[in-house]
Amino acid sequence: MRNRWLAPAGLAAAALVVAACGSSSNTGGSGSGSGNSPAAAANGTTLEAKEVSGAKLLTNAKGFTLYWFVLDTATKSNCNSSCAKYWPPVPGPATAMSGVKGTLTVITRSDGSKQAVWNGHPLYTYVGDTKPGEAKGNGLNISGGVWHDITLSGSSAPAPAKSSSSGGGNGYGY
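Okay, so the sequence shown: first residue is -15 according to our numbering, each after it adds one.
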């Protein structure tokens, strides 16, 4: 009887991960919301400066930390396909609120969508950040490179603790 409960529990956990991935790139609020919805892409994304773990970080309007990827260039995102499911691109164009200084531009991604760029860094959120004020993606070495939060003042949010496994990416394995 116990084994029959293990399989459904594992399936439920897998369904939650899949649901989280799908919802973060396909749903959202208005243009000033999560920055991951088609409405946000049409209306632009609002960027804000928020306190996260003692540092002032660049966030979207809902307070979710924004990240940059070391393999990107100022004109090209190198996070596509499965990578973009875990690191949803921030739709462009973006508007900076008070406390956000820097150059905002837009790139066209390989799928034709527009992505916001801050000071030469294409912007992303991270599906592992499940609520505002988290920076769980900072310092992760996933998808062939390291991810960093965007620190506006103070020091960067602490990187996640290293696990003893060599997977390196919260078990997402992509």
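Even for Gly, the Cβ is constructed at its ideal location relative to N, Cα and C.
Cα-Cα separation between residue i and residue j, rounded to whole angstroms
{"i": "G117", "j": "K98", "result": "25 angstroms"}
{"i": "D95", "j": "G128", "result": "20 angstroms"}
{"i": "V130", "j": "T59", "result": "18 angstroms"}
{"i": "V235", "j": "K34", "result": "Beyond the ends of the chain as shown, which are -15 and 158, falls residue 235; an answer cannot be given."}
{"i": "S37", "j": "S65", "result": "30 angstroms"}
{"i": "N100", "j": "T43", "result": "Here the sequence assigns Ala to residue 100, which means Asn is not the residue at that position. Going from the Cα of A100 to the Cα of T43 covers about 12 angstroms."}
{"i": "L124", "j": "Y51", "result": "11 angstroms"}
{"i": "F48", "j": "P73", "result": "13 angstroms"}
{"i": "G15", "j": "T30", "result": "Unreliable positioning characterises G15 in this predicted model, as indicated by a pLDDT of 32, which lies under 50. A coordinate reading is not provided."}
{"i": "L41", "j": "N122", "result": "11 angstroms"}
{"i": "S137", "j": "V84", "result": "10 angstroms"}
{"i": "N103", "j": "K46", "result": "21 angstroms"}
{"i": "Y70", "j": "A80", "result": "24 angstroms"}
{"i": "I91", "j": "G76", "result": "8 angstroms"}
{"i": "R93", "j": "D133", "result": "21 angstroms"}
{"i": "E32", "j": "S82", "result": "7 angstroms"}
{"i": "N20", "j": "T114", "result": "Summary for N20: the model assigns pLDDT 39, below 50, so the residue's position carries little reliability; its value from the coordinates is reported in the next sentence. When rounded, the distance between both Cα atoms is 14 angstroms."}
Opening and closing residue of the beta strand (DSSP E) in which residue i lies
{"i": "Y51", "result": "Y51 to F53"}
{"i": "L107", "result": "Element bounds for L107: n/a, residue is neither H nor E."}
{"i": "E35", "result": "T29 to V36"}
One or two residues paired with residue i in a DSSP bridge
{"i": "L41", "result": "K34 and T135"}
{"i": "A100", "result": "V90"}
{"i": "N122", "result": "Paired residue(s): none; N122 is not in a bridge."}
{"i": "G129", "result": "I126"}
Taking only runs that begin and end inside the segment 58 to 90, name each unbroken alpha helix (DSSP H) of 4 or more residues, in chain order. Segments of the alpha helix (DSSP H) lying fully in the segment 58 to 90: 66 to 70.
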